[in-house]
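Asker: I am attaching a structure below and will ask some questions about it afterwards.
There are 2 protein chains.
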Amino acid sequence: MSQRTPSPPLKSPIQEIINDLYNRYREVHTGEVATYIPELGKANPDKLAISVVTADGQVYEAGDTQQTFTIQSISKPFTYGIALEDNGRSAVIDKIGVEPTGEAFNSISLDPATGRPLNPMINAGAIATTSLVEGKTTKQKMHRILDAFARYTGRKMDVDNNVYLSESETGHRNRAIAYMLRNFDIITDDPLPSLEAYFMQCSILVNCRDLGMMAATLANGGLNPLSGTRAVIGDYVESMLSVMGSCGMYDAAGEWIYNVGMPAKSGVAGGILAVLPGQLGIGVFSPRLDKHGNSVRGIGICRELSQRFDLHMFHVSRSGRTVIRHSGHGGLTFSNRMRLESETDLLREHGNQIETLELQGELVFSTAEIVIRESIKKADKADYFILSFRHVQVVDLVAAGLIKDLALEMVNAGKTLVLSGTRHLPVLEKVLKKELTSESFNQLQWIQDTDIALEQCENLLIQSHTTLHHSGHLANLGESLLLKGFRSGEIQLIESLVKKCNYKKGDNIINVKDPATELYFLMKGKVSAWIDISGTDGKRVATFTSGMVFGEMALLDRAPRSARVTADTDLECYSLSLSDLDAFAEKNPQLMIHIMRNLAELLAQRLRKANAEISALYK
Amino acid sequence: MSQRTPSPPLKSPIQEIINDLYNRYREVHTGEVATYIPELGKANPDKLAISVVTADGQVYEAGDTQQTFTIQSISKPFTYGIALEDNGRSAVIDKIGVEPTGEAFNSISLDPATGRPLNPMINAGAIATTSLVEGKTTKQKMHRILDAFARYTGRKMDVDNNVYLSESETGHRNRAIAYMLRNFDIITDDPLPSLEAYFMQCSILVNCRDLGMMAATLANGGLNPLSGTRAVIGDYVESMLSVMGSCGMYDAAGEWIYNVGMPAKSGVAGGILAVLPGQLGIGVFSPRLDKHGNSVRGIGICRELSQRFDLHMFHVSRSGRTVIRHSGHGGLTFSNRMRLESETDLLREHGNQIETLELQGELVFSTAEIVIRESIKKADKADYFILSFRHVQVVDLVAAGLIKDLALEMVNAGKTLVLSGTRHLPVLEKVLKKELTSESFNQLQWIQDTDIALEQCENLLIQSHTTLHHSGHLANLGESLLLKGFRSGEIQLIESLVKKCNYKKGDNIINVKDPATELYFLMKGKVSAWIDISGTDGKRVATFTSGMVFGEMALLDRAPRSARVTADTDLECYSLSLSDLDAFAEKNPQLMIHIMRNLAELLAQRLRKANAEISALYK
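Take a look at the structure:
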């Protein structure tokens with residue numbers, strides 16, 4: 004069937020969705036660039052960039068993600084993390100509350116009795132936060148802040164001096180707040196070095212990729228997923244996310260959590276950062292703002308990403324890096340079909356054209372993302388792809404949609420995709436049937452038993468490389484593997500002992516507990532050995548084709564049969580009675596040694612195959 | 004070592020912690036029982052109950068968890084779920100906002116312009132919510148509400164009529180609110196049937212177990228984990244949790260999310276319900292209230308549970324039901340050590356006394372809980388327990404602490420616990436070393452290679468059942484498995500062919516690529532065959548002890564050696580040159596047939612063992 008033809012690299016459907024969002028939001032032109040300081044007014048209002056970074060560092064992005072802008076209020080939760088590290092949680096809580104205000108970002112919102120700012124996301128709380136960063140001077144504090152931010156982004160950070168000077172010159176309201184904090188002893192020494200550090204911290208230059216990476220670092224428990232550097236003590240990440248969640252989006256915090264469901268923070272230069280804990284981080288940059296001071300396109304894109312991928316933090320997902328139970332290729336892991344030596348050699352050489360991904364757990368966005376990423380990576384060299392869903396408990400609609408996108412990519416690239424073990428997940432077939440053209444859908448293979456799926460792929464691979472040596476009829480007994488190396492006169496001796504017998508498809512040739520009185524040379528057709536397991540269709544333990552022998556274990560122990568053997572097709576066999584063989588062995592001992600050696604060799608081959616499979620399964 | 008002696012069932016450390024919490028909080032007597040209606044004042048103030056129910060239905064509880072009380076405000080998010088089902092999200096949002104108020108529960112908090120209640124957790128929003136439940140009459144609405152609540156609890160629900168009448172008689176403020184809502188057309192028809200339904204809904208009788216189960220159902224995406232019944236459309240669970248998260252704890256929502264980190268709801272009868280999405284639900288009942296109207300003990304217990312188990316919703320966890328990669332017992336899965344037939348028979352019969360749990364992913368509270376639950380379940384019949392951490396990426400302190408508790412339980416019960424593949428997780432050994440007495444710690448086995456760990460357990464099991472037949476020296480060649488069934492004269496013939504050779508521990512007897520010129524009868528000691536894998540210690544593929552042969556594959560193909568064989572101890576062997584054996588076979592063909600049959604039988608045994616292992620691994 005599918006011949007190995009060069010095909011373009013597969014496209015990630017997730018990247019496609021980001022591209023589509025980018026293209027649609029480029030056409031949105033509402034909102035105004037912030038102008039409260041002249042420097043911000045100079046931004047190009049049409050810029051747009053999106054970066055989605057997973058908690059293990061995979062980046063999906065679109066637009067001008069390297070364009071720098073000032074971080075502004077998005078710095079607040081990160082400086083809060085530094086203050087927690089430098090003072091401990093209770094000392095920080097003493098100075099700054101964690102209650103939402105329901106007021107705008109520049110409200111003063113101090114507790115009337117204690118002067119304690121209600122939370123660290125409003126300016127008063129943020130200035131108090133910066134005052135808690137280690138260091139007496141502005142320079143010392145900024146050193147600490149720039150170092151910390153660099154651990155999140157993975158690159159050295161700088162301040163935009165023009166924006167900083169502009170902020171400082173026009174920051175009268177913040178200066179008033181700083182002195183109010185000094186008045187209430189929230190700041191206990193000169194407030195000006197802290198205030199200047201606050202202005203500088205807001206003027207740190209970031210790009211959209213930086214925001215995505217900072218968010219992903221929080222999603223990853225404070226560990227930068229690319230550099231492996233710890234950006235903040237893991238225990239404080241939950242506090243940073245808590246204040247972002249309850250106070251991050253100013254006067255619409257409840258609505259944001261309700262609809263978008265991710266702790267987030269925006270800045271007036273047009274940046275937005277959002278975090279789905281344990282899963283991913285989002286950065287968006289677009290300078291036009293709504294009346295709340297949030298990026299219009301940024302808000303829209305976050306909403307759509309959340310809805311499209313079900314990223315709400317309360318969407319029940321047991322995400323995991325362990326969605327892939329086992330991944331193996333056909334050169335290492337084999338089906339239970341017994342193969343001729345030449346076929347096994349061919350599978351060893353070319354078997355990496357068959358890839359199997361055995362999945363497990365729950366398929367939601369974050370786990371499906373990993374499946375797609377792995378599939379695309381492996382599909383480059385593989386023509387045959389088996390996705391086994393046997394151990395998957397749930398597939399949600401988002402994941403089913405992504406599998407559909409992946410299937411379409413694979414079919415279009417001429418790959419053979421087999422979906423296995425899907426019977427308990429009707430939603431999967433339903434979504435694929437509904438959303439693919441019938442032409443594409445019909446190119447998918449649905450085979451419930453993963454072992455049989457693997458056998459089919461092996462057959463296709465072998466067919467594409469060669470005509471099967473023994474696809475049909477054996478000319479004579481001498482081609483049987485048990486008689487390998489026998490001379491023609493010797494074969495005639497055996498022929499005089501055997502009895503021809505034919506079976507119809509479906510016949511049981513051997514039943515469990517039958518006495519073991521003969522072995523069979525298979526001349527034409529296919530048989531399988533089965534172990535019966537109550538309540539199931541049984542388990543296929545081996546399949547034999549022409550040239551092979553079955554029932555051969557009787558040569559070793561004359562114990563009753565332990566498996567049922569059934570004809571998969573009409574058969575032609577020769578049976579050899581063991582008592583006849585015993586008599587023959589008396590007269591022809593050298594030939595019997597030869598038969599026994601051949602048998603031992605067949606067993607040794609099967610053992611090597613089994614051991615390779617165990618190693619692969621344990622990998 | 005550890006003999007099979009009857010031991011009491013193992014205690015779950017999680018249950019122990021719940022018991023401890025219960026015992027400590029029983030001594031807390033602050034707070035006052037609600038008295039705003041006389042019926043509530045009759046509650047026994049000393050009652051205390053705790054129920055923790057995991058998202059897959061495991062219940063841990065203490066105290067009088069069957070004592071009923073009225074649900075009160077805890078009904079609000081659940082009725083909100085019904086309103087969402089009956090009207091869709093946007094119609095509900097049109098009538099009721101989702102913003103926190105920062106005010107007390109009985110504040111009126113209507114938007115001054117539109118009359119829209121700020122959120123569904125304050126009384127105004129809750130009465131509006133009940134008005135949105137399907138049905139014209141109080142009876143129709145209550146039918147819908149009781150049915151829905153029964154799906155969460157798994158039992159039929161009833162109303163406490165005395166409390167209801169008392170609420171209705173004294174509910175003047177709520178009556179005022181209802182008419183205010185009618186005035187603003189938030190309620191568009193007679194408000195009284197909805198108001199009465201609201202009073203009744205608050206008077207539904209629940210017990211602490213019910214609260215735990217309702218919470219667990221939300222944690223499980225709306226599916227009751229015990230009955231499998233869907234209690235609410237999954238898509239609305241995130242909305243219910245969102246309003247609980249931002250508005251559930253009245254005027255301290257920010258502080259609650261910051262410190263406890265779970266969406267929660269309390270009722271004035273003393274109930275508290277908290278949800279950790281995807282993981283678990285908590286119910287607590289204790290009637291004495293603080294000045295905010297929340298159960299004093301309930302708040303304290305929720306806080307402690309959150310801290311003790313790191314249950315904050317932003318604690319990065321990739322929880323999963325799939326923390327157990329593989330679970331097998333020693334009667335099905337074997338080490339790579341070659342065994343005598345009698346040993347293999349013994350392992351088949353008694354091997355279920357060895358249990359192996361191979362773990363994967365991240366160990367945090369929710370995944371460690373599953374490990375502990377499974378371990379305790381399996382430990383009843385097993386004396387030997389292997390926990391393999393090879394595929395575990397992270398163990399947090401909570402999980403390490405729980406593993407420590409489990410280890411102590413096992414050691415105290417006389418079980419042999421082997422911790423395997425822990426080298427990359429130093430925190431585990433550190434916590435166990437620090438928190439266990441050195442006597443307990445020294446009873447743990449730390450064996451990095453899981454295969455060697457399994458072998459050691461097999462050895463201990465075999466030793467406990469029998470003296471090894473061939474533990475020491477073979478008396479003569481006739482005891483070798485390859486010569487099984489040989490008569491003494493026949494053995495003497497073989498003895499005339501072999502050469503005695505001794506090796507020191509650590510000697511390489513066979514090297515990869517050596518020509519295969521002889522096979523070895525092992526008379527005393529132990530050897531292992533290794534495949535070298537660059538960058539690792541190599542992989543042990545087989546271990547042989549006295550009575551066995553090695554290098555025997557040379558009998559089949561005379562190809563160069565494919566594995567290195569190294570002496571694990573000082574050895575005594577006999578080597579047999581293959582050319583001598585060939586000459587012998589010419590003269591003694593029947594003996595050669597016998598040798599070949601014995602060889603094939605050994606291979607067949609190993610193959611059966613390998614196939615059983617593959618089946619177990621695929622299970």
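Taken in sequence, the protein lines are chains L and S.
Remember, this note's numbering sits 3 above the position in the first sequence when you count from 1.
Remember, this note's numbering sits 3 above the position in the second sequence when you count from 1.
Beta carbons: idealized from backbone N, C-alpha and C, even for Gly.
Relative to the alpha-carbon of residue 204 (chain S), which residue among S:361, S:242, S:149 and S:48 has its alpha-carbon at the smallest distance?
Answerer: As a working note, residue 204 (chain S) is residue 201 in the second sequence. Cα-wise, what sits closest to residue 204 (chain S) is S:149.
Asker: Over the uninterrupted alpha helix (DSSP H) stretch that includes residue 413 (chain L), give me the two end residues.
Answerer: Position 410 of the first sequence, counted from the start, is the residue given in the question as residue 413 (chain L). 400-415 is the extent of the alpha helix (DSSP H) around residue 413 (chain L).
Asker: Nearest by alpha-carbon distance to residue 301 (chain S): which of S:270, S:314, S:193 and S:327 is it?
Answerer: Within the second sequence, the letter at position 298 stands for residue 301 (chain S). Residue S:270 is the option with its Cα nearest to residue 301 (chain S).
Asker: Residues in its own chain within less than 6 Å of residue 57 (chain L) by CB, not counting five upstream and five downstream?
Answerer: What you label residue 57 (chain L) is simply residue 54 of the first sequence in a count that begins at 1. Around residue 57 (chain L): 283.
Asker: Please list the terminal residues of the continuous beta strand (DSSP E) segment that includes residue 505 (chain S).
Answerer: Within the second sequence, the letter at position 502 stands for residue 505 (chain S). Run containing residue 505 (chain S): 502-506, per the beta strand (DSSP E) assignment.
Asker: Does at least one heavy atom of the ligand MN sit under 7 Å from the Cβ of residue 444 (chain S)?
Answerer: Looking for the ligand MN in the displayed structure turns up nothing, as the structure carries no ligands at all.
Asker: Could you please give me the residues that DSSP links to residue 449 (chain S) through a beta bridge?
Answerer: Position 446 of the second sequence, counting from 1, holds the residue named residue 449 (chain S). Paired residues: S:422.
Asker: For the stretch 576-590 of chain L against the stretch 517-532 of chain L, do three or more pairs of beta-carbon atoms, one drawn from each stretch, fall closer than 8 Å, so that the two count as touching?
Answerer: Yes: the two stretches touch, three or more of their Cβ pairs being nearer than 8 Å.
Asker: Is the beta carbon of residue 368 (chain S) sitting closer than 8 Å to the one on residue 431 (chain S)?
Answerer: Walking along the second sequence from the start, residue 368 (chain S) turns up at place 365. Walking along the second sequence from the start, residue 431 (chain S) turns up at place 428. No.
Asker: Using DSSP with H/G/I as helix, E/B as strand and the rest coil, what is residue 28 (chain S)?
Answerer: Against the second sequence, residue 28 (chain S) aligns to sequence position 25. It is helical.
Asker: Rounded to the nearest angstrom, what separates residue 652 (chain S) and residue 222 (chain S) at their Cα positions?
Answerer: Beyond the ends of chain S as shown, which are 4 and 622, falls residue 652 (chain S); an answer cannot be given.
Asker: Indicate whether residue 151 (chain S) and residue 85 (chain S) have their beta-carbon atoms separated by less than 8 Å.
Answerer: As a first step, residue 151 (chain S) must be located in the second sequence, where it is residue number 148. As a first step, residue 85 (chain S) must be located in the second sequence, where it is residue number 82. Cβ atoms of residue 151 (chain S) and residue 85 (chain S): closer than 8 Å.
Asker: Contact defined as beta carbons within less than 8 Å: I believe residue 21 (chain L) pairs with residue 65 (chain L). What is the distance between those atoms, to the nearest angstrom?
Answerer: Translated into the one-based positions of the first sequence, residue 21 (chain L) becomes position 18. Translated into the one-based positions of the first sequence, residue 65 (chain L) becomes position 62. Residue 21 (chain L) to residue 65 (chain L), Cβ: 5 Å. Contact.
Asker: Please list, in chain order, all residues of the same chain as residue 153 (chain L) whose beta carbon is under 7 Å from its beta carbon, the five residues on each side excluded.
Answerer: In the first sequence, counting from the first residue as 1, residue 153 (chain L) sits at position 150. If we look at residue 153 (chain L) and ignore the five residues flanking it on each side, its Cβ neighbours are 159 and 160.
Asker: Does the beta-carbon of residue 123 (chain L) have 16 or more other beta-carbons within 10 angstroms, so that it is buried, or is it exposed?
Answerer: Here the question's residue 123 (chain L) lines up with position 120 in the first sequence. By the 10 Å Cβ count, residue 123 (chain L) comes out buried.
Asker: Out of L:479, L:419 and L:535, which one is the CA nearest neighbour of residue 450 (chain L)?
Answerer: Indexing the first sequence from 1 puts residue 450 (chain L) at position 447. That would be L:419, whose Cα lies nearest to the Cα of residue 450 (chain L).
Asker: Count the other C-beta atoms from every protein chain shown that fall within 10 angstroms of the C-beta of residue 328 (chain S), then say buried if there are 16 or more, exposed otherwise.
Answerer: Here residue 328 (chain S) corresponds to residue number 325 of the second sequence, with the count starting at 1. Buried, since its Cβ has 16 or more Cβ neighbours within 10 Å.
Asker: Taking buried to mean at least 16 other C-beta atoms within 10 Å of its own C-beta, is residue 400 (chain L) buried or exposed?
Answerer: Here residue 400 (chain L) is taken as the residue at index 397 of the first sequence, counted from 1. Residue 400 (chain L) should be labelled exposed.
Asker: Is the CB-CB distance between residue 523 (chain S) and residue 552 (chain S) below 8 Å?
Answerer: Working through the second sequence from its first residue, we reach residue 523 (chain S) at position 520. Working through the second sequence from its first residue, we reach residue 552 (chain S) at position 549. Yes. Within cutoff.
Asker: Starting from residue 609 (chain S), find everything on chain L with Cβ-Cβ shorter than 8 Å and list it in chain order.
Answerer: Stepping through the second sequence from its first residue, residue 609 (chain S) is reached at position 606. Within 8 Å Cβ-Cβ: 610.
Asker: Could you pull the DSSP bridge partners for residue 390 (chain L) from this structure?
Answerer: Residue numbering aside, residue 390 (chain L) sits at position 387 when the first sequence is read from its first letter. Paired residues: L:360 and L:422.
Asker: Taking a cut of 7 Å between CB atoms, which residues from the stretch 585-597 of chain S lie near chain L?
Answerer: Result list: 588, 592, 593, 595 and 596.
Asker: Determine, using beta carbons only, whether residue 332 (chain L) comes closer than 8 Å to chain S.
Answerer: To locate residue 332 (chain L), count along the first sequence from 1; it is residue 329. False, the Cβ-Cβ gap to chain S never drops below 8 Å.
Asker: Listed from N- to C-terminal order along the chain, which residues in the stretch 241-252 of chain L have their beta-carbon within a distance smaller than 8 Å of any beta-carbon of chain S?
Answerer: Taking 8 Å as the Cβ-Cβ cut-off against chain S, the residues of the stretch 241-252 of chain L that qualify are 241, 242, 244, 245, 246, 248, 249 and 250.
Asker: Output the distance between the C-alpha atoms of residue 116 (chain L) and residue 187 (chain L), rounded to the nearest integer angstrom.
Answerer: Numbered from its first residue, the first sequence carries residue 116 (chain L) at position 113. Numbered from its first residue, the first sequence carries residue 187 (chain L) at position 184. Each residue's alpha carbon lies about 9 Å from the other.
Asker: So with Cβ pairs under 8 Å, would you call residue 295 (chain S) a contact of chain L?
Answerer: In the second sequence, the residue the question calls residue 295 (chain S) occupies position 292. False, the Cβ-Cβ gap to chain L never drops below 8 Å.
Asker: By alpha-carbon positions, which one of S:352, S:237, S:465 and S:251 ends up nearest to residue 397 (chain L)?
Answerer: In the first sequence, counting from the first residue as 1, residue 397 (chain L) sits at position 394. The residue with the shortest Cα to Cα distance from residue 397 (chain L) is S:237.
Asker: Leaving out five residues on either side along the sequence, give the residues of the same chain with a beta carbon under 7 Å from the beta carbon of residue 89 (chain S).
Answerer: Counting from 1 along the second sequence, the entry for residue 89 (chain S) is found at position 86. Answer for residue 89 (chain S): 135, 136 and 137, listed in chain order.
Asker: Thinking C-alpha only, which one of S:267, S:555, S:594 and S:497 is nearest residue 607 (chain L)?
Answerer: Position 604 of the first sequence holds residue 607 (chain L). Among S:267, S:555, S:594 and S:497, the Cα nearest to that of residue 607 (chain L) is on S:555.
Asker: At a Cβ threshold of 8 Å, is residue 500 (chain S) touching chain L?
Answerer: Numbered from 1 along the second sequence, position 497 holds the residue referred to as residue 500 (chain S). Judged by the 8 Å Cβ criterion, residue 500 (chain S) is not in contact with chain L.
Asker: With 16 other CB atoms within 10 Å as the buried threshold, where does residue 520 (chain S) fall?
Answerer: On the second sequence, residue 520 (chain S) is found 517 positions in, with the first residue counted as 1. Result: exposed.
Asker: Taking 8 Å as the cut-off, decide whether the C-beta atoms of residue 51 (chain S) and residue 29 (chain S) are in contact.
Answerer: Translated into positions along the second sequence, residue 51 (chain S) becomes position 48. Translated into positions along the second sequence, residue 29 (chain S) becomes position 26. Cβ distance < 8 Å, so residue 51 (chain S) and residue 29 (chain S) count as in contact.
Asker: Less than 8 Å between the beta carbons of residue 409 (chain S) and residue 441 (chain S), yes or no?
Answerer: Translated into positions along the second sequence, residue 409 (chain S) becomes position 406. Translated into positions along the second sequence, residue 441 (chain S) becomes position 438. No; because the gap between Cβ atoms is not below 8 Å, this pair is not in contact.
Asker: For residue 211 (chain L), collect the residues of the same chain with a Cβ closer than 6 Å to its Cβ; drop the 5 residues on either side in sequence, then sort them by chain order.
Answerer: In the first sequence, residue 211 (chain L) corresponds to position 208, counting from 1. 52, 54, 68, 286 and 288, listed in sequence order.
Asker: At a CB-CB cut-off below 8 Å, which residues of chain L make contact with residue 264 (chain S)?
Answerer: Residue 264 (chain S) sits at position 261 when you count from the first residue of the second sequence. 241 and 245, listed in chain order.
Asker: Residue 614 (chain L) touches chain S at which residues, Cβ-Cβ below 8 Å?
Answerer: Counting from 1 along the first sequence, the entry for residue 614 (chain L) is found at position 611. The answer, in chain order, is 544 and 613.
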